[in-house]
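Visitor:
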Amino acid sequence: MEPSAPGRSPAGKRLELIVCDTDALTQIFCTRHETILKQLHTQFGIHFAVTEAVESEMFRPNRRHADCCRDGFQKALDTGLITILSPRTLGQFTSNNPFVTYDSMELLGQKYHSVIQRGEAYTHAAAHVLKCAVLSNDWKAIRDADRLGLALEHPTFRVYDLLVFLHQCNEFAEKACDGFRKALHDVGESPHSAFANRKFREGLPGFYPRLVNPEFEIVGSLTETELGDSYRVELTKLRNKPAD
Amino acid sequence: MLKALLDDAGLRAEGCAALLGIAPHMFEQWVNKERDLPGFIIPELASVLGVDAKVFKEAKVAKAPAIWFKFRDSGTVKEQDRELVVLIRRLGFYLKQLNSVIGFSGDKWQVHFQLVSKKLEPARHESPVVQGEIAARVLRENIDLGFSHKALSERISAPGDVIRGILRNLGILIIEMPVPESSIDGCSFYVGESGPDQGTPCLFINTFRQNWFRRNYVLAHELAHAIFDIAGESALVDSWTHGNRIEPSVMEARADSFARNCFASREVLRSLTSTLGLNWTELNAKNLAELVAHSQVDLRIILASAVENNLISEEQASQYGKMRIIKHLRGLTAHALTTKEFFAAPRDTKVWSPKERETTIPSRTLRLPVPYIKSVIDACNSGLISEGKAAELLMIDYEVFMERFGSDLVDLAA
Chain E
1 MEPSAPGRSP AGKRLELIVC DTDALTQIFC TRHETILKQL HTQFGIHFAV TEAVESEMFR
61 PNRRHADCCR DGFQKALDTG LITILSPRTL GQFTSNNPFV TYDSMELLGQ KYHSVIQRGE
121 AYTHAAAHVL KCAVLSNDWK AIRDADRLGL ALEHPTFRVY DLLVFLHQCN EFAEKACDGF
181 RKALHDVGES PHSAFANRKF REGLPGFYPR LVNPEFEIVG SLTETELGDS YRVELTKLRN
241 KPAD
Chain Y
1 MLKALLDDAG LRAEGCAALL GIAPHMFEQW VNKERDLPGF IIPELASVLG VDAKVFKEAK
61 VAKAPAIWFK FRDSGTVKEQ DRELVVLIRR LGFYLKQLNS VIGFSGDKWQ VHFQLVSKKL
121 EPARHESPVV QGEIAARVLR ENIDLGFSHK ALSERISAPG DVIRGILRNL GILIIEMPVP
181 ESSIDGCSFY VGESGPDQGT PCLFINTFRQ NWFRRNYVLA HELAHAIFDI AGESALVDSW
241 THGNRIEPSV MEARADSFAR NCFASREVLR SLTSTLGLNW TELNAKNLAE LVAHSQVDLR
301 IILASAVENN LISEEQASQY GKMRIIKHLR GLTAHALTTK EFFAAPRDTK VWSPKERETT
361 IPSRTLRLPV PYIKSVIDAC NSGLISEGKA AELLMIDYEV FMERFGSDLV DLAA
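Those sequence lines, one after another, are chains E and Y.
Sequence positions in the first sequence follow our numbering and run 1 to 244.
Sequence positions in the second sequence follow our numbering and run 1 to 414.
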């Protein structure tokens, strides 16, 4: 995998869109930490989106944590914090014909879906076509996709990348980060392995953040620790707040 | 369009959504045209309903394929049966995906089906019983169904032991599971998008109240339908144990004869007579148990074949049919054990319990074939698919997948 230019998304433009996968959203909504997404949107102008495949997974009854995620996720859709990628909405994120873009996403998603799970497949396909980033905790999917020769040439953030980034920008205090780990533990979810059974402060040196703000002192590990770390994106605060 | 298709097929939107793992309100929106059908679901939905994906992409008006008319409400078929067909067809979609990833063509059955049909062509004027007999002989000779001269003389195997593996290697999907609430004993139909060219034959056997020996017969019977009938009829549904059997049609008589001759043909009975040293006029319960154990088919089928081949009279068949052979049979073959006894027996290799083979779709369960599960695990261990994909192919949640099969996985990173 070729790393992107520092401070830029692979397309060479400011990072504006993150396509989210089910597992990462589940961690955010079942711990009621939507504020992570809100902060990134209001302070840094990040738009969050999901594919219809992920929307379907988020609402699927009997899925693990389905009940505790449903309301929060629905609210995020209703308020526009998260957008569902469809031909009607794609115009916000691409200057190309949205129908052609949608078809490209679907076609690539189908190809990925033969070897990786549906939600992940369509999420990575959308990010590839839209040249944006993915939010997914599933490092196994990245590893498998890499081994299977799927060209995932886009940054993939874990929920902890967002958390550490907000902490680096002084938007999230250490105590709040520890609170997130506790909330994950309470619902039976695991934090990133660097923070397993450790306080945030103790785990941070073992975590290589993929999203950093060059205007603040870099935190975390200085060396890459896992597959996907080669895509480090720099992001700075918006000068003007985005219009919703 | 989706609504019309579902109505035509006799499927409820809510039930369909649950079986496909889609949130009911989203499926409802697609059905009511409040939202466009998303691209991600089109391939699967087209495969499950048996229509061309273009129907959805181009929003064409389409009628449900004939298969759904065969599964409309009747004395035999109920809503639960249609739901089971939906699940099996969903498995068919995943099977095609898996085959494509592991590089298994899955269409060898076509060669054998065509061969049987070709060999049978000169005998088209014969009775269905003779047609079934010829077809069984041709198939046995070509796929080495276990009753070849070599197999018989060396006692290598019998059809019941090998038939499932052989048919699966040809690409045929076999589902055997108990469905107590269903009146269907067995049925055969294609799974896949549409038509025999794209589809895969599927043989379903309801194992409820049917022992392994009886199931072998039902399997061969459904195979006959798959060879001869489903290309034209879309699906054949059989129900014997619930008294729904009517006077056999040509199709049924041919399938009966085919199944009988797969396991208890004249040659097989002759060979067993000499191998076991039988005197057909004075058979006892032990002799009958030996016949069942070696031919691997229900006693009634053996007796019917023996009558047909003038080895015994109708009266003798009736008399032998009343003998209790189970005690002897259990001493001769593990196939006569109950499920509980089978799983309690010590063995070297790991065997997945029926529960471990079940999908976790809440509204209806499908018991997956062992070789399918094995293929999925092997594909995962070979690095051809991700663990998440493996769970999806098995129609179970990821957490359940790791719980059930985690110990079967190898750490590829290591």
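Glycine included, C-beta positions come from ideal geometry on N, C-alpha and C.
Quick check on DSSP: helix, strand or coil for L246(E)?
Guide: Outside the modelled stretch of chain E, which goes from 1 to 244, sits residue 246(E), for which no answer is possible.
Visitor: Can you pull the chain E residues whose beta carbon is under 9 angstroms from the beta carbon of S100(Y), in chain order?
Guide: S114
Visitor: Report back the beta-carbon spacing between L211(E) and L162(E) to the nearest angstrom; my notes put them in contact at under 8 angstroms.
Guide: Yes, L211(E) and L162(E) are in contact; Cβ-Cβ is about 7 angstroms, under 8 angstroms.
Visitor: Hey, quick one: how far does the beta strand (DSSP E) through T83(E) stretch, first residue to last?
Guide: I82 to I84
Visitor: Can you give me, in chain order, the residues of the region 43-62 of chain E that have a beta carbon less than 9 angstroms from any beta carbon in chain Y?
Guide: T51, E52, A53, E55, S56, E57, M58, F59, R60, P61 and N62
Visitor: Answer with yes or no whether the minimum CB distance from E106(E) to chain Y is below 8 angstroms.
Guide: yes
Visitor: Between the C-alpha atoms of C16(Y) and I22(Y), what's the straight-line distance to the nearest angstrom?
Guide: Spanning the alpha carbons of C16(Y) and I22(Y) requires a straight line of approximately 8 angstroms.
Visitor: Could you tell me which chain E residues have their CB closer than 8 angstroms to the CB of L384(Y), listed as they occur along the chain?
Guide: V115 and L148
Visitor: Could you tell me which residues DSSP pairs with M177(Y) in its beta bridges?
Guide: N206(Y)
Visitor: Answer yes if the region 293-309 of chain Y comes into contact with the region 209-223 of chain Y, meaning at least three C-beta pairs across the two stretches below 8 angstroms, and no otherwise.
Guide: Yes, since at least three Cβ pairs between the region 209-223 of chain Y and the region 293-309 of chain Y fall closer than 8 angstroms, the two stretches touch.
Visitor: Taking the alpha carbon of C20(E) as the point to measure from, which residue in C132(E), P87(E), Q110(E) and Y112(E) has its own alpha carbon closest?
Guide: C132(E)
Visitor: Measuring alpha carbon to alpha carbon, tell me which of E315(Y), M1(Y), N206(Y) and S375(Y) ends up nearest K60(Y).
Guide: M1(Y)
Visitor: With 8 angstroms as the threshold, decide whether the Cβ of F40(Y) is near any Cβ in chain E.
Guide: yes
Visitor: Based on the DSSP output, what are the partners of S188(Y) in its beta bridges?
Guide: L203(Y) and L236(Y)
Visitor: So, are the CB atoms of Y112(E) and V54(E) less than 8 angstroms apart?
Guide: no
Visitor: Given that D60(Y) touches chain E, what residues does it touch there, using C-beta distances under 7 angstroms?
Guide: A small fix is needed here, since residue 60(Y) is Lys in this sequence, not Asp. Those within 7 angstroms of K60(Y) in chain E number zero; the least Cβ separation is about 18 angstroms.
Visitor: Between F93(E), E34(E) and A176(E), which has its C-alpha nearest L81(E)'s C-alpha?
Guide: E34(E)
Visitor: On the DSSP bridge assignment, give the partners of F71(Y) in chain order.
Guide: Note: F71(Y) sits in no beta bridge, so no partner.
Visitor: Is it buried or exposed for N213(E), if we count other Cβ within 10 angstroms and need 16 for buried?
Guide: Result: buried.
Visitor: Between I184(Y) and V77(Y), how many whole angstroms is the CB-CB distance? I'm expecting something under 8 angstroms.
Guide: 7 angstroms
Visitor: Tell whether a beta-carbon distance below 8 angstroms holds between A285(Y) and H328(Y).
Guide: Closer than 8 angstroms, so yes.
Visitor: Using three-state DSSP, classify A133(E) as helix, strand or coil.
Guide: strand
Visitor: With a cut-off of 8 angstroms, does the C-beta of I227(Y) fall near any C-beta of chain E?
Guide: no
Visitor: Go to V50(E), then tell me how far its beta strand (DSSP E) extends in each direction, as first and last residue.
Guide: H47 to V50
Visitor: With DSSP run on the structure shown, which of helix, strand or coil describes G220(E)?
Guide: coil
Visitor: Could you tell me the alpha carbon to alpha carbon distance between N62(E) and V218(Y), rounded to whole angstroms?
Guide: 35 angstroms
Visitor: Could you tell me whether the region 106-113 of chain Y touches the region 157-176 of chain Y, where touching means 3 or more Cβ pairs closer than 8 angstroms?
Guide: yes
Visitor: CA-CA distance, E44(Y) and R35(Y)?
Guide: 18 angstroms
Visitor: With a cut-off of 8 angstroms, does the C-beta of K286(Y) fall near any C-beta of chain E?
Guide: Not flagged as an interface residue toward chain E: K286(Y), since no C-beta distance is shorter than 8 angstroms.
Visitor: I believe R158(E) touches H192(E) by the beta-carbon criterion, under 8 angstroms. Please report the beta-carbon distance rounded to the nearest angstrom.
Guide: The C-beta distance from R158(E) to H192(E) rounds to 6 angstroms, short enough to meet the 8 angstroms contact threshold.
Visitor: Mapping DSSP to helix, strand and coil, what is E126(Y)?
Guide: coil
Visitor: At which residues does the alpha helix (DSSP H) containing C30(E) begin and terminate?
Guide: T22 to C30
Visitor: What's the gap between the Cα of P231(E) and the Cα of E224(E)?
Guide: Sequence check: residue 231(E) is Tyr here, not Pro. The straight-line gap from Cα to Cα measures roughly 10 angstroms.
Visitor: Is there at least one Cβ from chain E nearer than 8 angstroms to G388(Y)'s Cβ?
Guide: yes
Visitor: Tell me the DSSP bridge mates of R118(E)?
Guide: Answer is none; R118(E) lacks a bridge partner.
Visitor: Which residues bound the alpha helix (DSSP H) around Q316(Y)?
Guide: Element bounds for Q316(Y): E314 to G321.
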